[in-house]
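Inspection log for the structure reproduced underneath, given as structure tokens.
Residue numbers (the working numbering): 1 to 183.
See below:
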């Protein structure tokens, strides 16, 4: 790790305030990118608020948002994000075979049109930097405008997450195994 989290016993008053906001919320702890952002408490506060919306307030059902997060982890080869969200995705009802396909770098075989369009939108935005007209029309038809807006916002947020994790080489917790790449 290039930059570790600030020492909880040596936080500035502003860092402590943001630390308390994060730990008292649904996350319950500060780790991964939040720990890095805490060096800049203003960034940590703004980013964690966006993240709280993307995770807990979005119009996307948890299974779809977790699928999108796993897709983003694959795009960015973000092991920490994969490690953190794989169990959440499975608990939310994402099929094991979809998770396995993503991990292998393959396009999953989707039985559900919502899951398929979430996957396709995430990869189109990430690889082509846009959504082609036909995919956009399909996404609006299947997801509707609100869920599509939330999906695009989630992609932006998890790009920030993944960039932070990769830039600062945030490792998996001790004893955890890398699944997407070798350490």
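Just so you know, even glycine gets a beta-carbon here, dropped at the ideal spot from N, CA and C.
A residue is called buried when at least 16 other Cβ atoms come within 10 angstroms of its Cβ; residue 24 does not meet this threshold and is exposed. Residue environment: residue 133 is assigned as exposed (fewer than 16 neighbouring CB atoms within 10 Å of its CB, all protein chains considered).
Going by DSSP, residue 155 is part of the alpha helix (DSSP H) stretching over 133–167. The beta carbon of residue 34 is closer than 7 Å to those of 22, 44 and 48 in its chain, skipping five residues each way along the sequence. Annotated three-state conformation of residue 17 is helix, per DSSP. Residue range 113–128 is occupied by the alpha helix (DSSP H) that includes residue 120.
Comparing alpha carbon positions, the residue from 113, 55, 79 and 173 closest to residue 155 is 55. Spatial neighbours of residue 165 in its own chain (CB-CB distance under 7 Å, excluding positions within 5 residues in sequence) are listed in chain order as 32, 33, 78, 80 and 81. Annotated three-state conformation of residue 1 is coil, per DSSP. Less than 8 Å separates the beta-carbon of residue 121 from that of residue 151.
The C-alpha of residue 180 lies about 31 Å from the C-alpha of residue 8. When rounded, the separation of the alpha-carbon atoms in residue 163 and residue 90 is 24 Å. For residue 85, the enclosing alpha helix (DSSP H) begins and ends at 79–91.
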